[in-house]
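Residue numbers (the working numbering): 28 to 920.
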């Protein structure tokens, strides 16, 4: 209000110097003709007045005065009804186009003066920013104010219209009133800030459209018909009033476009009808396209027609552009949560199909957006200090599936997954985890069945189990003899390798150099074979064949030899203990008892005995126990061979009831094995001697060389209040606990660590590992006063917690030497080479092309370590006085 008052005062000051143009009752432009005096010769002469009617100009002037007095607007806003004289005066002016235009300008000036003085103060709210929540109420208040003003300004004109007669006058009147209405609309648009009016109208329209979708939403019906039937209605919004009062037209049309775009970017695509399809795993984009075409576009088209006052029809390209905007909005929403969808694959296939539907429309721009979004989300949510390598590998496997769905060529995956590949290549445990995952087992639920779950990626394990050995040529690289070769994608990177069949394993195996990966896999395979319990080695054989289909078969010779050693060991055991393996096979009588009288299929029957016998043994036993009739098996009637007697089975045990197995290893092809020796338990020593005799009897001149550190034993400990059973534990742990039950053990004194080392002739690290293991099983405990270890016969004994002792690495129980152990074992050789190199070649730095590390790798094939290990060696040598450091250089003393 203060602003309006100030403006009014400034207007008055300006008008006092330069009067504004206004319309008054016209006066003649010359002295009126009052006639001429009588002739001087005539007495009592007077004026000679003409007897003719008034001229056209005078008549028009009188009509002007009459009609302007009628149309003049009073301060109180009251109007009077038009009389016959007023309508006749308007008729005179309507026959003169110039006068008609002048009258329209005069009345618009009257409207403008009245509007600015009495109407505009009621619209003062438009002079300040309008909150989003107040947009609709301000639009309604403005319509009421302008509606009252319009009734005041139109009432005099409408009263004149009823008294005009003649088609020409009616046409002229309509043209004159149209001029006034157009001027009125212009006055309103210039009195309200245009941009603020557009923004407020857009906000009000958006709120109404959003609420309309909520009211008309029918998600259950939409799900049943696979189409979105939610209607968009403008009922209840004053579209006609906006057009009549001058707030429609281009401004309102643009506001409706803004509101529609905002609706399609939010509420329209966030409805339940268009959420991710988790059940059917299908795209909802076709449903969105139909909804835009059948419901959204027609409603908006009708609204534009009302706002502009003329029939509006979308052009041929309008609806596709609107549809593309809606699809881009839903794809943008899906892209913002792309990492979550990758993590939830394959349940999120529907969301990925939504994104894929828009890739062909936008091309390179959309692909770049997806890659940038995924890269950012990976950096923020995955590649942080708390992420484990197993988790990163699991996400990478899902990402391979998801992005191969988006782009079968693999170009999109190559660009988006670059940060993950860089992270995995730089992680120290990636190769070992991948190798362990290839040989791991999963349960029925698809989860990892291994004990150390943080060293195995179950997703890779499932891929290995489901991978196919067929079409192995498709998994290899470029084939220069392929006559069906096609050009690689134009947007592929310089390191892109295209193959016909890019499965998950191809991407996983492509992370590292073949030789490094095969070396690590061979180590894990060796450990797995030493611990494996499957006599068929089916999983290991399949894995080696899988690698042979993707790598150079000559590089897998060591793996094939290790598998052959295991099979030869099983065959040798079968020759030494034939009854042992025969007892494990189900007898024909057991198969006969399992066959129902109404028959059973051979596959169903084999499923019941698959864990007890191989397929050839099963088929041989079926011939003895069943008859074939069509596709079913029926039990035979007659006497069948009986199972071996328990007395005969007992003969297969070598000595003292200990069941012993042997594995023959070709040491040249196996990784470096543990060579620790120590005193084995007495029963084990007796059993191994017996096994050696049996082996010599069946294998000619060959003899057994036992590796104590590789042995696995099972123990049963009888204590006062409980029984402890441990299966397949390292032999050194069994030797330590066996010593506590021997004749040298004193229940009052116990053993110390040096005592155990001396009596068992065992390395300290193995003694510490065994003591820590049995402490954790609560078989032994440590006396707080003396530090001696004694047997814990009863759990209710009040004992203090043991003092912390150094424990081995997690792979301490492995039969293979760890990388750290082999490095420390070969350290003297490395130190000698470094000392000679520095004496002959002068001072060198650790890194660089001619540095110590690179020279070691070039000359010594066994050196596969990095700069950190070389710095550790140099530190040890510096302590011995062999080398000296000068800045970043190392020199011999």
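Note that the Cβ used here is the ideal one computed from N, Cα and C, for glycine as well. These numbers come from a predicted model, not from an experiment.
I'd like to check one pair, residue 319 with residue 378: are the Cβ atoms closer than 7 Å? no
Contacting residues, own chain, Cβ-Cβ under 6 Å from residue 787 (five flanking each side not counted): 705, 706, 762
6 Å CB neighbourhood of residue 171 in its chain, flanking five on each side removed: none
C-beta contact flag for residue 691 and residue 755 at 7 Å: no
Straight-line gap, residue 901 to residue 918 (C-alpha atoms, nearest Å): 10 Å
Considering Cα atoms alone, identify which of 856, 441, 867 is closest to residue 897. 856
Would you be able to state if there are at least three C-beta pairs under 8 Å between the segment 283-292 and the segment 362-369? no
Extent of the continuous alpha helix (DSSP H) to which residue 209 belongs: 194-218
With a CB to CB cut of under 6 Å and the five nearest residues on each side skipped, what residues in its chain are close to residue 839? Because the pLDDT of residue 839 is 49, which lies under 50, any placement of that residue in the model is unreliable, and the number read from its coordinates should be weighed accordingly. Once the five neighbours on either side are set aside, the close Cβ partners of residue 839 are 796.
Where does the unbroken alpha helix (DSSP H) through residue 759 begin, and where does it stop? 758-766
Touch check for the segment 709-724 and the segment 575-587: three-plus C-beta pairs under 8 Å? no
So the beta strand (DSSP E) residue 907 belongs to, where does it begin and stop? Counting along the chain, residue 907 falls outside any beta strand (DSSP E), and DSSP gives it neither H nor E.
Indicate, with yes or no, if the ligand PLP has a heavy atom lying under 6 Å from the CB of residue 261. No copy of the ligand PLP occurs in the structure displayed, which carries no ligand at all.
If I follow the unbroken beta strand (DSSP E) through residue 745, where does it start and stop? 739-745
Buried or exposed (CB count within 10 angstroms, at least 16 for buried), residue 490: buried
Look up residue 656 in the DSSP assignment and say whether it is helix, strand or coil. strand
Please determine, among 874, 94, 850, the residue with the shortest C-alpha to C-alpha distance to residue 888. 850
Given a threshold of 16 other Cβ atoms within 10 Å of its Cβ, counted over all protein chains shown, does residue 140 qualify as buried or as exposed? exposed
Does the Cβ-Cβ distance between residue 462 and residue 572 come in under 7 Å? no
Can you have a look at residue 785 and say buried or exposed, based on whether 16 or more other CB atoms are within 10 angstroms of its CB? exposed
Can you have a look at residue 652 and say buried or exposed, based on whether 16 or more other CB atoms are within 10 angstroms of its CB? buried
Residue 398 (DSSP reduced to helix, strand or coil): helix
Where the alpha helix (DSSP H) containing residue 449 begins and where it ends: 445-453
Quick check on residue 919: does DSSP put it in helix, strand or coil? strand
Residue range of the alpha helix (DSSP H) that residue 115 falls in? 111-121
Mind checking who residue 582 pairs with in its DSSP beta bridge? For residue 582, which the question treats as bridged, DSSP gives no partner whatsoever.
Look at the alpha carbon of residue 833 and the alpha carbon of residue 467, and state the distance between them as a whole number of angstroms. The predicted position of residue 833 is uncertain, since its pLDDT is 48 and thus under 50; a value taken from the coordinates is nonetheless stated next. Approximately 29 Å, taken between the alpha carbons.
What is the rounded straight-line gap between the Cα of residue 751 and the Cα of residue 805? 10 Å
Give me the residue from 93, 541, 694 with the minimum Cα distance to residue 731. 694
Using three-state DSSP, classify residue 352 as helix, strand or coil. helix
Looking only at its own chain, which residues have a Cβ that is under 7 Å from the Cβ of residue 149, when we skip the five neighbours before and after it? 172
Contact check, residue 129 vs residue 187, beta carbons under 7 Å: no
Pull up the distance between the alpha-carbon of residue 422 and that of residue 449, whole angstroms please. 14 Å
Cα separation between residue 622 and residue 657? 15 Å
Member of 427, 703, 687 whose CA lies at the smallest distance from the CA of residue 712: 687
Give me the Cα-Cα distance between residue 257 and residue 175, rounded to the nearest whole angstrom. 37 Å
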